[in-house]
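Novice: Quick one: this structure, given as C-alpha cells, is what I'll be asking you about.
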Amino acid sequence: MNTSNAADLIRLRYGTDTFNLDSLWNETLTTMLSHRSIRAYLPDLLPPQTLELLIAAAQSAATSSNLQTWSVVAVEDPARKEILAQLAGNQAHIRQCPLFLVWLADLARLDHLAIQRGLPAQGLDYLEMFVTATIDAALAAQNATIAAESLGLGTVYIGGMRNHPEKVAETLQLPPHLFAVFGLCVGYPDPEKPAAVKPRLPQAAVLHRETYHLSQQEQAISEYNEIIQKFYEFQQMNVAGDWVEHSLKRVATAQALNGRDRLKQILQNLGFPLL
Numbered sequence: 000m001n002t003s004n005a006a007d008l009i010r011l012r013y014g015t016d017t018f019n020l021d022s023l024w025n026e027t028l029t030t031m032l033s034h035r036s037i038r039a040y041l042p043d044l045l046p047p048q049t050l051e052l053l054i055a056a057a058q059s060a061a062t063s064s065n066l067q068t069w070s071v072v073a074v075e076d077p078a079r080k081e082i083l084a085q086l087a088g089n090q091a092h093i094r095q096c097p098l099f100l101v102w103l104a105d106l107a108r109l110d111h112l113a114i115q116r117g118l119p120a121q122g123l124d125y126l127e128m129f130v131t132a133t134i135d136a137a138l139a140a141q142n143a144t145i146a147a148e149s150l151g152l153g154t155v156y157i158g159g160m161r162n163h164p165e166k167v168a169e170t171l172q173l174p175p176h177l178f179a180v181f182g183l184c185v186g187y188p189d190p191e192k193p194a195a196v197k198p199r200l201p202q203a204a205v206l207h208r209e210t211y212h213l214s215q216q217e218q219a220i221s222e223y224n225e226i227i228q229k230f231y232e233f234q235q236m237n238v239a240g241d242w243v244e245h246s247l248k249r250v251a252t253a254q255a256l257n258g259r260d261r262l263k264q265i266l267q268n269l270g271f272p273l274l
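What follows is the structure, encoded as C-alpha cells:
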C-alpha cells in the first residue's frame, strides 16, 4: 500500500487533510479517487478491443431484477460526433475524443420482446421503469468509466445529451422507448492541458448516520465554499460567486435549465408515458 499516495489523493479530493486511512487502500481506490474530468484529448486511437472491455465492465454493474434496461451507442464517426457536439452545446471535446459513448435508458428491448411473444408489458409505461432504466444506465456507465481510467484513459460525462433529446434520438436513429441519459468522452488525455482533481463537499455534508440532519451541513458547506474558491483561483477558472451561489443559479428558474424544463413532455414524445 502506498500510504503517501492515499493521503495525497484524499487531500486532493477534499481540499484538506481529513482522516487517516490506516491500511485501507488498494489500486482500485487509487483509480477511483484519481478521477478528474478530461476535456482535452489526443487524437490517438484506442487499442483494439478497448470498447468491448469497457462494455464488459459496464455489464458487470448491478442491474435491477436483472432486467438490464440500458444500452449504449458507441460513436466514432467524426461527422456524427460533430452533430452530437453541437447538440450538446458545441463541446469541443466530443469532437476530439476517439470514442464517444451515449448511454441509453432502454425500455425498447423489453417492449419489443413483449410484442414478439404476444405478452403484456404495461409496467413499462410507469415512471418506476423509467427511473430503473436511468439508474441501470448510470451504474453501467460508471463501471465503464472506472475501467477506462484504470487503463490510463480519460473521461468526461456529457449531460448536454439532454439539451435536445429528440434530435439526439434522430441522430442515433433511436426507436421509441429509448432516451439518451448522458454521453461519455473516452480517450487519452492531452498532457499539454492537464486536469486537476476537483474537491468535493466534506463528508459532513453528505454522510448521515442513522437519520438525515440538514442543519449539520451548514459548517461543512461554509468550509467547502472557501476550498472550492481557492481551487478555482489556482486553476485560473473564472467562476463567479461561491459554490452555493453557483449551484443555486443553476436551479433558480425554469429558464436556467436551458430547455430541459421540457423534459417530461419530450420523454412522452419519445415513448415514455411516465404514468
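Counting from 0, one number per residue, gives the positions in the sequence shown under numbering that gives the first Met the number 0.
Even glycine gets a Cβ: it sits at the ideal position worked out from N, Cα and C.
Helix, strand or coil: how does DSSP classify threonine 154 here?
Specialist: Residue 154 sits at position 155 when you count from the first residue of the sequence shown. Looking at threonine 154 - three-state DSSP - the assignment turns out to be strand.
Novice: How many angstroms separate the CA atom of tyrosine 231 from the CA atom of glutamine 90?
Specialist: By 1-based counting over the sequence shown, the position of residue 231 is 232. By 1-based counting over the sequence shown, the position of residue 90 is 91. Approximately 20 angstroms, taken between the alpha carbons.
Novice: From the DSSP output, read off the bridge partner residues of tyrosine 40.
Specialist: Within the sequence shown, numbered from 1, the residue matching residue 40 stands at position 41. Answer by DSSP bridge pairing, in chain order: Pro188.
Novice: Going by beta carbon distance, what residues of the same chain come within less than 6 angstroms of alanine 60, once the five residues before and after it are set aside?
Specialist: For the purposes of this step, residue 60 is taken as the residue at position 61 of the sequence shown. The residues are Leu138, Ala139, Asn142.
Novice: Taking the C-alpha atoms as reference points, what is the distance between leucine 173 and aspartate 16?
Specialist: Residue numbering aside, residue 173 sits at position 174 when the sequence shown is read from its first letter. Residue numbering aside, residue 16 sits at position 17 when the sequence shown is read from its first letter. Cα-Cα distance, rounded: 47 angstroms.
Novice: Please state if the CB of alanine 195 and the CB of glutamine 234 are separated by a distance shorter than 8 angstroms.
Specialist: In the sequence shown, the residue the question calls residue 234 occupies position 235. In the sequence shown, the residue the question calls residue 195 occupies position 196. Contact flag set, yes.
Novice: Looking only at its chain, what residues have a beta carbon closer than 6 angstroms to the beta carbon of alanine 84, apart from the 5 residues adjacent to it on each side?
Specialist: Numbered from its first residue, the sequence shown carries residue 84 at position 85. Cβ neighbours of alanine 84 beyond the five flanking positions: Gln90, Ile93, Arg94.
Novice: Put glycine 182 into one of helix, strand or coil per three-state DSSP.
Specialist: In the sequence shown, the residue the question calls residue 182 occupies position 183. Residue state, collapsed to three classes: strand.
Novice: What span of residues does the beta strand (DSSP E) with valine 74 cover, start to end?
Specialist: Locating residue 74 in the sequence shown gives position 75, counting from the first residue. 69-74 is the extent of the beta strand (DSSP E) around valine 74.
Novice: Got a sec? Which residues, its chain only, sit under 7 angstroms from histidine 88 by beta carbon, not counting five neighbours each side?
Specialist: In the sequence shown, the residue the question calls residue 88 occupies position 89. Sequence inspection shows glycine at residue 88; the histidine mentioned does not correspond to that position. The residues are Gly159, Asn162.
Novice: Run through DSSP, which three-state label would alanine 104 get?
Specialist: Numbered from 1 along the sequence shown, position 105 holds the residue referred to as residue 104. Alanine 104 falls in the strand class under three-state DSSP.
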